[in-house]
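**Q** Heads up: the sequence shown is residues -18 to -1, 1 to 315, going by mature numbering (1 follows the signal peptide of the UniProt record, and there is no 0). Even glycine gets a Cβ: it sits at the ideal position worked out from N, Cα and C. Starting off with a structure, shown below.
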Amino acid sequence: MLAIGAAALLLAACGSDAEPDGGETTTGGGATGGEDVSIGLITKTETNPFFVTMREVAADYADEQGVELTALAGAFDGDNEGQVQAMEDLIAQGVDGIMITPNNSTGVLSAIEQARAQGIVVIALDTATEPADAVDATFATDNLEAGRLQGAYVRAALGEEEPALIMLDGTAGGTVDTFRHDGFLEGFGVEEGDAAILGVENTQGDQNNAQTAMENLLQRNPGVNAVYTINEPAARGAYAALEAQGLTDQVVIGSIDGGCQGVQDVADGRYAATVMQFPAEMVRQGMDAVIEAAGGGEAPSGFVDTGSVVITDDPVEGIESETTEWGLENCWG
């Protein structure tokens, strides 16, 4: 399901479209800080803009630091088997470090254990493993806090209205999904099973799935006034379903990601706010940690929060935020 690129690709090709089950190898020719260091990056997919950004930043930074990068991905969101195969391929290559965004927080543990037993530094990006210490370190958004910020904003934006909430989750079994969901409920001020929650559906973070899920939920719950979304593709799907029913004016949609397209969606009024993440920082800090460890320095450990910021043009009291103008200047930086 996965293949490792057999030849070094030019840097300009690293951001180009590729088959979802393909791999890319970039040999950096820039700085000398990472000479003879090889790093593998395994993302959930190659098509989600969030992971496309990660791969592009990793390719640029590999060239800047003079390290060899092999980028692989699952064929689809939830392709745990594909990620395990990618781990095994990188172990066979003998890379110095592997950075992975796990599709499932427990599904790749045996492959991670195998890699670490071979002396390979393993870093989780964006999605924590369970247990967290299965990897050397995690560089990610504090997703519980990001969810809490989304929930607090959406609830405040409702004002005096009684909440009628629909939740569009991602993929069951991942810590990102769990933390964002739980954080939203905390920030929104309700508990699981509360009567204010009209319906919950998994969307795999996919726009088409989210639109279908929202259409189905609206048939039973046309009085919805608040929508939680796991990410911006899900938010776009929710908006499309609401727009088709002429319900956009009655609903506050919140999201998490902070990609340039998502920020523009907020500016255009498709949803009220998004919580920006910084995947570029996850990648750069993760690669720095591998380079340091490979050079005989201290190995990375623990959780590193790479930050989150509410982006909206309709600020609410008590929640710090930035405008979409700021967001477009800093998206996913």
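Along the chain, where does the beta strand (DSSP E) containing Ile24 start, and where does it finish?
**A** 20 to 25
**Q** Give the range of the beta strand (DSSP E) segment to which Leu107 is assigned.
**A** Start and end: 103 to 107.
**Q** Looking at C-alpha atoms only, which residue of Ile102, Gln201, Tyr210 is the closest neighbour of Ala128?
**A** For the residues Ile102, Gln201, Tyr210, the minimum Cα distance to Ala128 belongs to Tyr210.
**Q** When the distance is taken between beta carbons, is Pro297 closer than 8 angstroms to Ser303?
**A** yes
**Q** State the start and end residues of the unbroken alpha helix (DSSP H) segment that holds Glu214.
**A** Residues 214 to 226.
**Q** Which stretch, first to last residue, makes up the beta strand (DSSP E) that contains Gly181?
**A** 179 to 184
**Q** Going by the beta-carbon positions, is the gap between Ile24 and Asp78 smaller than 8 angstroms?
**A** no
**Q** Keeping to the same chain, check which residues put their C-beta closer than 6 angstroms to that of Thr194; ignore five residues upstream and five downstream.
**A** none
**Q** Which runs of the beta strand (DSSP E) fall wholly inside the stretch 131 to 207 and span at least 3 residues, in chain order?
**A** Counting only runs of 3 or more, we get 147 to 151, 179 to 184.
**Q** Measuring straight from C-alpha to C-alpha, what distance separates Gly309 and Ser283?
**A** Their backbone Cα atoms lie some 30 angstroms apart in a straight line.
**Q** Considering only residues of the same chain and omitting the five flanking positions on each side of Glu311, which have a CB-CB separation below 7 angstroms?
**A** Answer for Glu311: no residue qualifies.
**Q** Excluding the 5 residues preceding and the 5 following Thr27 in the sequence, name in chain order all residues of the same chain whose CB lies nearer than 7 angstroms to its CB.
**A** Pro2, Phe33, Ala55, Gly56, Phe58, Asp59
**Q** Alpha carbon to alpha carbon, how far is Ile94 from Gly268?
**A** 16 angstroms
**Q** Between which two residues does the alpha helix (DSSP H) containing Asp247 stretch?
**A** 242 to 249
**Q** How is Ser237 classed by DSSP in three states: helix, strand or coil?
**A** strand
**Q** Taking only three categories from DSSP, how would you classify Phe58?
**A** coil
**Q** Do Gly187 and Ile148 come within 8 angstroms of each other at the CB atom, strictly closer than that value?
**A** With contacts defined by Cβ atoms closer than 8 angstroms, Ile148 and Gly187 do not form a contacting pair.
**Q** Would you kindly work out how many angstroms separate the C-alpha atoms of Ala271 and Gly141, rounded to a whole number?
**A** 45 angstroms
**Q** If contacts are defined as beta-carbon pairs under 8 angstroms, then Asn125 and Phe161 qualify, I think. What distance do you get, rounded to the angstrom?
**A** 4 angstroms
**Q** Distance, Cα to Cα, Gly315 vs Thr305?
**A** 15 angstroms
**Q** Which whole-angstrom value is the C-beta distance of Glu183 and Leu150, which I expect to be below 8 angstroms?
**A** The Cβ separation is near 6 angstroms, so the contact holds.
**Q** Is Gly165 closer than 8 angstroms to Val158 when the C-beta atoms are compared?
**A** no
**Q** Would Met36 pass as an interface residue toward chain C - the criterion being a Cβ-Cβ separation below 8 angstroms?
**A** Within the model displayed, chain C is absent; a lone protein chain is all it includes.
**Q** Which same chain residues end up closer than 8 angstroms to Asp61 when comparing Cβ atoms and leaving out the 5 residues on each side of it in sequence?
**A** Met(-18), Lys26, Thr27, Asn85
**Q** Determine which residues share a DSSP beta bridge with Asp71 and list them.
**A** For Asp71, which the question treats as bridged, DSSP gives no partner whatsoever.
**Q** Determine the DSSP secondary structure at Gly79, reduced to helix, strand or coil.
**A** strand
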